[in-house]
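Per this note's numbering, residue 1 is the first one in the sequence shown, and the count goes up by one each step.
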Amino acid sequence: MYYQHLLIFLQNDKLADQTGTRVAYHKVLTEENEHYQYELDKLKELDVMIYVHVLSTKELTTESIVQEDKYYRDIIYYHDFEEFLQVATEPYPLVPLDIARYFLLIAPMTLEKLNLLLSIAYLQYKQEAGVELFYYEQPITDLSTQFISLEDLPSRTIYHDNAQFSIPEDYIAPIMYRILFSEKKMNKPLFLQKIKQHYKEMSIDEMLEDDFVDVSRFQLNNTPGTLTENSV
């Protein structure tokens, strides 16, 4: 006997612990419970972007789904639709990796340049807008441990070659969705576009000497490529 599984994924890959793990609502479709239009209508009403998969396995469990196809591993499954709805609609903070993914769409760059770009963007946005661009706890030191890189999930992979990291432009949609819907305003996307266009061809030395953002009020930390704002 086969069971049909409905999986509704959040398009933006967001979740509470910010590790990049995907989130999905899981429902077993039966003769008495074969429709899911209510769920789709509710999510559409709340402007939540999703994608839907339906597949069959011989068991009722989500473990059987993973056994059927490794694409469905590393997912947080919600079986209660109201709980899933809460996760899908609650505000969430951006983290350095969200902005790093956007910058890596520009051109390949080293971790040092990436962290410098993140630092400049963070400190300049805070000065201009009076709020944080993202939750900045610590620099990105190892993309391989902070980003899920799976052959079967190419849109979630950061590529590297000779210490240069990059992301193909084909995957801009989910990256931009996260930034756009972190606050549902254009402030952050427009600011990041400005930073991207100005710094994308510069070396680290050129970035530090450039006057587009006044880096004289910043000082380099011991961690390569990171800045803090001078107290004076």
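Ideal placement from N, C-alpha and C gives every residue a C-beta, glycine not left out.
Predicted model, so just to flag it, every value in this text is computed and none were measured.
Item, Value
"Could you work out which residue in 31, 48, 36 and 41 is closest to residue 11 when comparing CA atoms only?", "48"
"If the criterion is Cβ atoms closer than 7 Å, does the pair residue 65 and residue 57 meet it?", "yes"
"Go ahead and label residue 124 buried or exposed: buried means 16 or more other beta carbons lie within 10 angstroms of its beta carbon, across all protein chains shown.", "buried"
"Mapping DSSP to helix, strand and coil, what is residue 24?", "strand"
"Can you give me the Cβ contacts of residue 188 inside the same chain, cut-off strictly under 6 Å, excluding the 5 residues immediately before and after it?", "179"
"With 16 other CB atoms within 10 Å as the buried threshold, where does residue 96 fall?", "buried"
"Enumerate in chain order the residues of its own chain whose CB-to-CB distance from residue 94 is below 6 Å, with the five nearest sequence positions on each side excluded.", "134 and 182"
"Closest to residue 82 by C-alpha separation, out of 106, 35, 26 and 69, would be which residue?", "26"
"Quickly, what does DSSP pair residue 50 with across the bridge? List them, please.", "10"
"Consult DSSP for residue 55 and reduce its assignment to one of helix, strand or coil.", "strand"
"Mind checking whether residue 84 and residue 77 have CB atoms under 7 Å apart?", "no"
"Can you name the residues that DSSP bridges to residue 86?", "Note: residue 86 sits in no beta bridge, so no partner."
"Do you know how far the Cα of residue 200 is from the Cα of residue 212?", "13 Å"
"Could you pull out every residue in the same chain whose Cβ sits closer than 6 Å to the Cβ of residue 6, ignoring the five residues on either side in sequence?", "27, 29, 36 and 54"
"Tell me which same chain residues have a C-beta within less than 7 Å of the C-beta of residue 202, skipping the five on either side of it?", "210"
"Does the beta-carbon of residue 163 have 16 or more other beta-carbons within 10 angstroms, so that it is buried, or is it exposed?", "exposed"
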